[in-house]
Amino acid sequence: MKNDTVDTVEHRRALTAFFWWTAWAATSERLGTDGDTLLPGKTGVVSKKVTYTNNWPSEPLVGNTPPPALWVWSAFSVLFLIAGIALLGWHYAVTHGRGEEPHSIPASDPFALLRITPSMRATAKYFWVVLALFLTQILLGAITAHYQIEGQEAYGFTL
Numbered sequence: 001m002k003n004d005t006v007d008t009v010e011h012r013r014a015l016t017a018f019f020w021w022t023a024w025a026a027t028s029e030r031l032g033t034d035g036d037t038l039l040p041g042k043t044g045v046v047s048k049k050v051t052y053t054n055n056w057p058s059e060p061l062v063g064n065t066p067p068p069a070l071w072v073w074s075a076f077s078v079l080f081l082i083a084g085i086a087l088l089g090w091h092y093a094v095t096h097g098r099g100e101e102p103h104s105i106p107a108s109d110p111f112a113l114l115r116i117t118p119s120m121r122a123t124a125k126y127f128w129v130v131l132a133l134f135l136t137q138i139l140l141g142a143i144t145a146h147y148q149i150e151g152q153e154a155y156g157f158t159l
């Protein structure tokens with residue numbers, strides 16, 4: 001972090017309070033969980049304590065390990081994704097490629113007589129803006145990464 005980024009005592013207290021709140025949200029037990037049981041009124045449903053963030057990120061030092069239900073639903077979501085992709089592949093294989101339709105090659109280039117419209121020009125401007133934003137994002141990402149490593153410099157230049 002750059003020197004004097006959090007310059008006043010009030011801002012430092014606010015930042016510390018935010019860090020405390022995020023740590024609290026990641027480690028405090030969710031209402032409805034009681035130590036070693038999930039949904040205490042129901043028998044047979046046993047789990048470790050569950051936090052407001054569903055025990056994420058995992059940190060064994062504070063007892064934050066993902067509950068079994070998280071692994072089950074994560075596995076189901078991956079299986080449903082794979083099944084959906086397989087279904088789309090099967091649909092494509094069944095409905096396409098039964099017979100190749102003949103392709104006719106035009107005698108002249110169809111783009112040779114293409115007239116550029118105002119909307120096409122506007123779209124070209126849009127792509128230049130997107131390219132500039134993308135390059136800006138890369139530059140700012142590199143600067144942010146170097147703040148972590150070098151502190152007040154990036155590639156030897158003082159920031």
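Each residue of the sequence shown is one higher than the one before, counting from 1 in the numbering used here. Backbone N, C-alpha and C fix where the C-beta goes; we use that ideal spot for every residue, glycine too.
Reduced DSSP category for residue i - H, G, I as helix; E, B as strand; rest coil
i	result
Thr65	coil
Phe111	coil
Val45	At Val45 the pLDDT is 45, less than 50, meaning the model places this residue with poor confidence and gives no usable figure here.
Thr117	coil
Thr95	helix
Thr144	helix
Thr22	helix
Thr53	coil
Ile138	helix
Thr123	helix
Thr16	helix
Ile82	helix
Ile162	For the chain, the structure presents residues 1 to 159; residue 162 sits outside this window and is missing.
Distance CB(residue i)-CB(residue j) smaller than 8 Å
i	j	result
Pro67	Asn55	yes
Tyr52	Ala25	yes
Ile143	Ala154	yes
Asn3	Gln152	yes
Leu15	Val6	yes
Presumed contact (8 Å Cβ cut-off) between residue i and residue j, rounded CB distance
i	j	result
Ser74	Thr65	Contact flag wrong, Cβ pair sits at about 14 Å.
Beta bridge counterpart(s) of residue i as assigned by DSSP
i	result
Phe157	Ala154
Glu10	Answer is none; Glu10 lacks a bridge partner.
Glu59	Asn64
Glu29	Thr51
Residue of the options minimising C-alpha distance to residue i
i	options	result
Arg30	Lys49, Phe18, Arg12	Lys49
Cutoff 8 Å: residue i Cβ touching any chain C Cβ
i	result
Ser119	Absent from the structure is chain C; it holds one protein chain and no more.
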